[in-house]
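Chemist: Handing you a structure now.
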Amino acid sequence: MHRAQQVLGQRGCGRGADTGKLVGGAAEVERKIIHVDMDAFFAAIEQRDDPSLRSKPVVVGGDPDSRGVVAAASYEARAYGIHSAMPSSQARRRCPQVVFVRPNHETYREVSTQVMALLREYTPVIEPLSVDEAFLDVTSSVGLFGSARRIGEQIRGRIRETLQLTASVGIAPNKFLAKLASEGAKPDGLLEVKPEEVLTFLAALPVERIWGVGETRAAKLRRLGFTTIGQLQQCPAEELVAQFGKQGEELYKLARGFDESAVQPGRERKSVSHEETFAEDTNDMVFLGAILLQLSEQVGRRLRAQELKGCTITLKLRYADFRTITRSKTLPQPTDSDKQIYESARALLAAVGLGGRKVRLLGVGVSNFDVGEQLRLLAEDSAEASAVERAVDEVRERFGPQSVRRARLVDGGTAEEGRRQRVEPDSDGPQRKAVQDGNNQ
Amino acid sequence: MLDATCPQEELYDIVQTVARGVSGRSTQPVQNNIYLSSQGDTLRLVATDLEYVSIDATIPATVADEGATTVPARYFAQIAGSLPAGEVSLAANEADTLAIACGSARYEIRGVATDDFQMLPALDEAVEFSLPQSELHDLLRQTAFAASTDETRPILTGVLFTVVDSKLQLVATDTYRLALCASKSEVGQEQQAIVSGRALNEVLRMLDDESDAPVAVAISETLARFEVGPITVASRLIEGEFPNYEKVIPDEDNLDKQVTVSTQELENALGRALIVAREDANRVVFETIESGLRITANSLDVGHVQEEISARLEGEAIETAFNATYMLNMLEAAGSEEVTISLSRPLEPGVMRPSDRDDYTYVVMPMQIM
Chain B
1 MHRAQQVLGQ RGCGRGADTG KLVGGAAEVE RKIIHVDMDA FFAAIEQRDD PSLRSKPVVV
61 GGDPDSRGVV AAASYEARAY GIHSAMPSSQ ARRRCPQVVF VRPNHETYRE VSTQVMALLR
121 EYTPVIEPLS VDEAFLDVTS SVGLFGSARR IGEQIRGRIR ETLQLTASVG IAPNKFLAKL
181 ASEGAKPDGL LEVKPEEVLT FLAALPVERI WGVGETRAAK LRRLGFTTIG QLQQCPAEEL
241 VAQFGKQGEE LYKLARGFDE SAVQPGRERK SVSHEETFAE DTNDMVFLGA ILLQLSEQVG
301 RRLRAQELKG CTITLKLRYA DFRTITRSKT LPQPTDSDKQ IYESARALLA AVGLGGRKVR
361 LLGVGVSNFD VGEQLRLLAE DSAEASAVER AVDEVRERFG PQSVRRARLV DGGTAEEGRR
421 QRVEPDSDGP QRKAVQDGNN Q
Chain A
1 MLDATCPQEE LYDIVQTVAR GVSGRSTQPV QNNIYLSSQG DTLRLVATDL EYVSIDATIP
61 ATVADEGATT VPARYFAQIA GSLPAGEVSL AANEADTLAI ACGSARYEIR GVATDDFQML
121 PALDEAVEFS LPQSELHDLL RQTAFAASTD ETRPILTGVL FTVVDSKLQL VATDTYRLAL
181 CASKSEVGQE QQAIVSGRAL NEVLRMLDDE SDAPVAVAIS ETLARFEVGP ITVASRLIEG
241 EFPNYEKVIP DEDNLDKQVT VSTQELENAL GRALIVARED ANRVVFETIE SGLRITANSL
301 DVGHVQEEIS ARLEGEAIET AFNATYMLNM LEAAGSEEVT ISLSRPLEPG VMRPSDRDDY
361 TYVVMPMQIM
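What follows is the structure in structure tokens.
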């Protein structure tokens with residue numbers, strides 16, 4: 001029995017694509033995709049705006065004296081081994097002269113808007129991934145500007161001149177490769193992966209760099225003898241499908257640099273939600289609470305990545321008899337906080353009152369983004385919580401979704417994990433999310 | 001055994017008042033009751049949630065026998081309100097059943113023995129002072145509303161009482177706005193306490209804004225007590241450190257733009273704008289124009305509203321947005337013909353003050369303009 005799982009996220013690969021179309025790692029129609037990623041964005045803005053911080057190790061984040069954490073580190077600070085999500089106190093131990101700056105998200109958002117406006121001049125087909133990175137499909141713009149490389153160079157030059165910031169640019173035939181290329185170009189560089197270079201470019205990279213390969217799946221791949229993508233390229237599709245089911249097919253394609261997902265412009269998000277269908281219907285409130293917390297964290301993480309805050313929290317609940325209800329609560333202030341989302345969802349669930357009825361699906365969503373924020377006079381505890389949440393996001397981004405977990409989920413997870421184990425003995429772990437982007441046009 | 005008679009009207013009034021001391025959420029059921037005792041020539045009623053508020057009151061009564069019991073606040077209040085005018089007789093028996101008789105009506109209400117009913121402890125080593133009712137009324141009216149109702153940060157649900165230059169100064173903030181008001185009377189001794197906003201709102205209800213009768217205030221290490229005539233409101237102080245409010249009050253030198261408007265006109269305009277703004281987080285955009293102030297609100301779902309009111313302006317033009325209800329709260333409490341709104345830059349805090357007084361300061365954070 002398998003947990004119902006659907007992935008409709010923007011990162012979903014061209015699923016219906018015919019494997020037979022693969023030609024040397026690229027699709028038949030050669031696209032030109034650019035991934036622009038700002039370098040040490042928050043820290044760089046602080047250094048730009050305060051000359052005394054330039055060429056110094058700078059950490060944007062919480063107070064080292066009160067259990068703050070690093071939200072972003074300048075390259076000078078990274079040289080000391082300081083990275084996001086590290087406790088600020090530890091950062092100071094590694095580098096006593098490090099300068100701590102409180103995050104100023106207002107400014108970051110403003111600069112982000114300027115960056116995106118600049119990128120839009122090169123193509124309308126632009127998909128911002130978060131405040132500091134975006135995909136551009138410049139296939140049709142190449143005629144106008146010469147080549148994708150020239151566009152990339154111009155973008156970097158103009159960001160440097162007009163915003164006094166640096167960006168790294170990756171150019172490739174698809175999104176997956178373009179993002180890998182910009183990572184390879186960092187910091188302050190440009191890397192183009194031509195179609196004929198795709199297989200070689202990928203071969204040296206570790207398997208974790210493939211989209212959707214988290215900690216658990218990487219461990220399984222390593223057990224099977226695949227450490228690099230190059231080793232994976234040698235493996236026939238059938239074997240991967242046998243080991244990983246449907247996802248084996250994707251591994252096979254991505255290992256060869258095949259990704260058909262389109263750059264999706266104008267995705268005006270109306271809601272961000274996650275839901276999960278259980279293997280067994282349940283009315284175990286401890287289990288449901290743990291699921292709500294996890295769904296809230298997933299939603300919070302996506303909101304923060306996109307710099308969105310919403311006022312309305314929605315709980316979706318499907319009973320064993322498939323009757324589905326939704327309950328919403330509107331907060332006075334927009335939020336992207338895991339805690340607030342969870343508390344509201346929890347209250348909504350409590351208000352529904354299961355009365356012993358079993359549930360087969362729970363979902364948590366946040367919407368109503370089109371609201372300007374009420375600013376605060378006093379920094380609130382939540383500012384600190386938010387820094388922690390953002391830092392945790394970064395760790396998860398780098399080390400996989402299960403790398404940082406709430407004690408609550410580890411504890412409560414025993415029951416939860418037990419349930420999983422029972423129904424899915426060969427579970428390969430953390431990809432339990434049924435992601436649903438509620439983007440209505 | 002409790003046995004007393006008193007007029008229905010007086011009983012009803014006092015039961016209504018005291019019943020507000022019951023939170024309805026108490027984990028001990030007996031705390032949802034009103035304690036009732038007859039003694040000397042008075043009837044005493046007490047209700048408390050043991051945390052935020054305790055209300056203790058006496059009324060004159062004809063006492064046939066002294067004694068005490070407790071009865072559910074909800075039923076007692078309903079009954080007291082439903083009885084016909086006339087003398088009400090209250091008599092408890094050994095099983096703590098309270099017989100209530102008035103006119104032709106006869107109730108027998110199941111009560112609970114007083115043994116488990118708890119009250120707040122008496123105040124020891126308290127600092128005491130008194131203020132005219134009207135003055136305390138204004139102080140509370142102008143500050144308590146700004147306290148937070150979010151129980152997850154208890155400290156902000158309280159109002160800070162301090163003494164500055166011998167004057168009592170009250171400060172409340174929910175982090176979005178801050179209200180600070182100082183007394184005219186001198187109260188003497190240095191002290192500092194954070195008093196529950198909920199308890200203070202109860203005190204506020206009892207105060208007569210035109211009476212000069214004194215309110216006796218006592219504050220100890222752990223409790224605050226307010227005696228308004230025969231009614232005493234007490235509350236546990238909120239422990240912890242109040243945020244450093246002084247640093248959020250903008251420096252006067254930076255407030256280079258001033259808008260002085262009629263309190264009533266601005267109140268009316270905001271009330272109208274709110275019909276649209278309510279669908280947009282109460283956001284109202286303020287824009288200074290030659291003739292005064294332009295107020296607009298927009299909602300994708302509802303539509304648009306615009307209004308211009310006359311104002312005296314100083315400094316450069318500015319456009320900023322505020323939560324209309326935060327401003328209305330202040331305007332309703334200001335008690336002055338005109339208010340002055342002082343601003344610096346669009347995303348920086350604004351300061352509102354009655355134009356003719358400097359003892360009341362209201363700092364409000366703007367909203368982003370979308």
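Chains as they are written, first to last, in the numbering used here: chain B, 1 to 441; chain A, 1 to 370.
No residue lacks a Cβ here, since even glycine has one placed at the ideal position from N, Cα and C.
It should be emphasised that the depicted structure is a prediction, and the values quoted were computed from it without experimental measurement.
If you follow the beta strand (DSSP E) that T62(A) is in, where does it begin and where does it stop?
Modeler: For this step, residue 62(A) is matched to residue 62 along the second sequence. Run containing T62(A): 62-65, per the beta strand (DSSP E) assignment.
Chemist: Is M330(A) helix, strand or coil when you go by DSSP?
Modeler: Taking the first residue of the second sequence as position 1, residue 330(A) is located at position 330. Here M330(A) sits in helix by DSSP.
Chemist: Tell me, please, which residues DSSP counts as bridged to K329(B).
Modeler: Along the first sequence, one-based indexing puts residue 329(B) at 329. Beta-bridge pairing links K329(B) to I313(B).
Chemist: Answer with buried or exposed for K221(B), where buried requires no fewer than 16 other C-beta atoms within 10 angstroms of its C-beta.
Modeler: As a working mapping, residue 221(B) is identified with position 221 in the first sequence. One detail in the question is off: residue 221(B) reads as Leu in this sequence, not Lys. L221(B) is buried by the Cβ-count criterion.
Chemist: Taking C-beta to C-beta, are A77(B) and V58(B) nearer than 8 Å?
Modeler: Mapped onto the first sequence, residue 77(B) falls at position 77. Mapped onto the first sequence, residue 58(B) falls at position 58. Yes, the Cβ-Cβ distance between A77(B) and V58(B) is below 8 Å.
Chemist: Is it buried or exposed for P72(A), if we count other Cβ within 10 angstroms and need 16 for buried?
Modeler: One-based indexing of the second sequence puts residue 72(A) at position 72. Label assigned to P72(A): buried.
Chemist: If the cut is a Cβ gap below 8 Å, which residues of chain B does L347(A) touch?
Modeler: Reading the second sequence from its first residue, position 347 is the one you call residue 347(A). What L347(A) touches in chain B: E106, L375.
Chemist: Determine the direct distance from the alpha carbon of D188(B) to that of A79(B), and round the result to whole angstroms.
Modeler: If you number the first sequence from 1, residue 79(B) lands on position 79. If you number the first sequence from 1, residue 188(B) lands on position 188. Straight-line Cα distance between these residues: approximately 16 Å.
Chemist: Give, in chain order, every unbroken run of the alpha helix (DSSP H) that is at least 4 residues long and sits entirely within the stretch 54-96 of chain A.
Modeler: Qualifying alpha helix (DSSP H) stretches, in chain order: 73-82.
Chemist: Residues in the same chain with beta-carbon distance under 7 Å from A19(A), minus the five sequence neighbours each way, listed in chain order, please.
Modeler: The sequence position of residue 19(A) within the second sequence is 19, counting from 1. Result list for A19(A): I34, A47, A73, A77, in chain order.
Chemist: Who are the Cβ neighbours of S24(A) in its own chain at under 7 Å, not counting the five residues just before and after it?
Modeler: Locating residue 24(A) in the second sequence gives position 24, counting from the first residue. Note that residue 24(A) is Gly in the sequence shown, not Ser. N32.
Chemist: Shortest alpha-carbon distance to P60(A) belongs to which of E135(A), D209(A), S54(A), I231(A)?
Modeler: By one-based count along the second sequence, residue 60(A) stands at place 60. That would be I231(A), whose Cα lies nearest to the Cα of P60(A).
Chemist: Does the distance from the C-beta atom of A80(A) to that of Q133(A) stay below 8 Å?
Modeler: Residue numbering aside, residue 80(A) sits at position 80 when the second sequence is read from its first letter. Residue numbering aside, residue 133(A) sits at position 133 when the second sequence is read from its first letter. No, Cβ-Cβ distance for A80(A) and Q133(A) is not below 8 Å.
Chemist: Under 8 Å Cβ to Cβ from A44(B), same chain only, skipping five residues before and after it: list those, please.
Modeler: Translated into positions along the first sequence, residue 44(B) becomes position 44. Around A44(B): M38, S74, L165, T166.
Chemist: Between which two residues does the alpha helix (DSSP H) containing H137(A) stretch?
Modeler: Looking up residue 137(A) in the second sequence gives position 137. Residues 133-143.
Chemist: Check whether the stretch 95-113 of chain A and the stretch 154-162 of chain A touch, using three or more Cβ-Cβ pairs below 8 Å as the test.
Modeler: Taking 8 Å as the limit for Cβ pairs, the verdict is that the stretch 154-162 of chain A does not touch the stretch 95-113 of chain A.
Chemist: Do the stretch 302-313 of chain A and the stretch 215-231 of chain A touch if we need at least three Cβ pairs shorter than 8 Å?
Modeler: Taking 8 Å as the limit for Cβ pairs, the verdict is that the stretch 215-231 of chain A does not touch the stretch 302-313 of chain A.
Chemist: Using a beta-carbon distance cut-off of less than 9 Å, what residues from the stretch 70-93 of chain A approach chain B?
Modeler: Flagged: no residues at all.
Chemist: Chain A beta carbons: is any one of them nearer than 8 Å to that of L303(B)?
Modeler: Here residue 303(B) refers to the residue found at position 303 when the first sequence is read from its first residue. It does not; no Cβ of chain A falls within 8 Å.
Chemist: What ranges does the beta strand (DSSP E) occupy inside the stretch 199-225 of chain B, keeping only unbroken runs of at least 3 residues that lie completely in it?
Modeler: Entirely contained in the stretch 199-225 of chain B, not one beta strand (DSSP E) run reaches 3 residues.
Chemist: Give the interface partners of V248(A) over in chain B, defined as CB-CB distance under 8 Å, in chain order.
Modeler: The residue labelled residue 248(A) in the question sits at position 248 within the second sequence. Result: L377, L378.
Chemist: Please determine, among F322(B), G152(B), A351(B), the residue with the shortest C-alpha to C-alpha distance to A134(B).
Modeler: The residue you call residue 134(B) lines up with position 134 of the first sequence. When each option's Cα is compared against that of A134(B), the closest is G152(B).
Chemist: Starting from I291(B), trace the alpha helix (DSSP H) in both directions and tell me its first and last residue.
Modeler: The sequence position of residue 291(B) within the first sequence is 291, counting from 1. Segment 285-305, the alpha helix (DSSP H) holding I291(B).
Chemist: Cα separation between E221(A) and D49(B)?
Modeler: Position 221 of the second sequence, counted from the start, is the residue given in the question as residue 221(A). Position 49 of the first sequence, counted from the start, is the residue given in the question as residue 49(B). When rounded, the distance between both Cα atoms is 48 Å.
Chemist: Could you spell out where the alpha helix (DSSP H) holding T107(B) opens and where it closes?
Modeler: In the first sequence, residue 107(B) corresponds to position 107, counting from 1. Its alpha helix (DSSP H) spans residues 105-120.
Chemist: Looking at the C-beta of C311(B), does it have a partner C-beta in chain A at a distance below 8 Å?
Modeler: Walking along the first sequence from the start, residue 311(B) turns up at place 311. Closer than 8 Å: yes.
Chemist: For A72(B), which option in G61(B), G81(B), S66(B), D65(B) has the closest C-alpha, if you only look at C-alpha atoms?
Modeler: If you number the first sequence from 1, residue 72(B) lands on position 72. Nearest option by C-alpha distance: G61(B).
Chemist: Taking 8 Å as the cut-off, decide whether the C-beta atoms of V69(B) and V388(B) are in contact.
Modeler: As a first step, residue 69(B) must be located in the first sequence, where it is residue number 69. As a first step, residue 388(B) must be located in the first sequence, where it is residue number 388. Yes.
Chemist: Determine the DSSP secondary structure at D137(B), reduced to helix, strand or coil.
Modeler: The count along the first sequence starts at 1 and reaches residue 137(B) at position 137. Strand, per DSSP.
Chemist: I'd like to check one pair, S89(A) with A105(A): are the Cβ atoms closer than 8 Å?
Modeler: Working through the second sequence from its first residue, we reach residue 105(A) at position 105. Working through the second sequence from its first residue, we reach residue 89(A) at position 89. No, they are not a contact pair.
Chemist: Within its chain, find whatever has a CB closer than 6 Å to the CB of E66(A); leave out the 5 residues flanking it on each side and keep chain order.
Modeler: Locating residue 66(A) in the second sequence gives position 66, where the first residue counts as 1. Excluding sequence neighbours, E66(A) sits near S38, Q39.
Chemist: For L270(A), would you say it is in contact with chain B, using Cβ-to-Cβ distances shorter than 8 Å as the test?
Modeler: Sequence index remark: in the second sequence, residue 270(A) carries index 270 (1-based). For L270(A), the answer is no, since every Cβ of chain B falls outside 8 Å of its Cβ.
Chemist: Between the beta-carbon of E186(A) and the beta-carbon of S211(A), is there less than 8 Å?
Modeler: Counted from its first residue, the second sequence places residue 186(A) at position 186. Counted from its first residue, the second sequence places residue 211(A) at position 211. No, the Cβ-Cβ distance between E186(A) and S211(A) is not below 8 Å.
Chemist: Pull up the distance between the alpha-carbon of T361(A) and that of V248(A), whole angstroms please.
Modeler: Residue 361(A) sits at position 361 when you count from the first residue of the second sequence. Residue 248(A) sits at position 248 when you count from the first residue of the second sequence. Distance between the alpha carbons of T361(A) and V248(A): 12 Å.
Chemist: With 8 Å set as the bound, which would you pick, yes or no: does the beta-carbon of T361(A) sit closer than that to a beta-carbon of chain B?
Modeler: In the second sequence, residue 361(A) corresponds to position 361, counting from 1. Chain B, which has no Cβ nearer than 8 Å to the Cβ of T361(A), makes this no.
Chemist: Rounded to a whole number of angstroms, what is the C-alpha to C-alpha distance between T414(B) and P206(B)?
Modeler: On the first sequence, residue 414(B) is found 414 positions in, with the first residue counted as 1. On the first sequence, residue 206(B) is found 206 positions in, with the first residue counted as 1. Any reading at T414(B) must be qualified, since the residue scores a pLDDT of 41, below 50, and its modelled position is unreliable; the value itself is stated next. Rounded to the nearest angstrom, the two C-alpha atoms are 31 Å apart.
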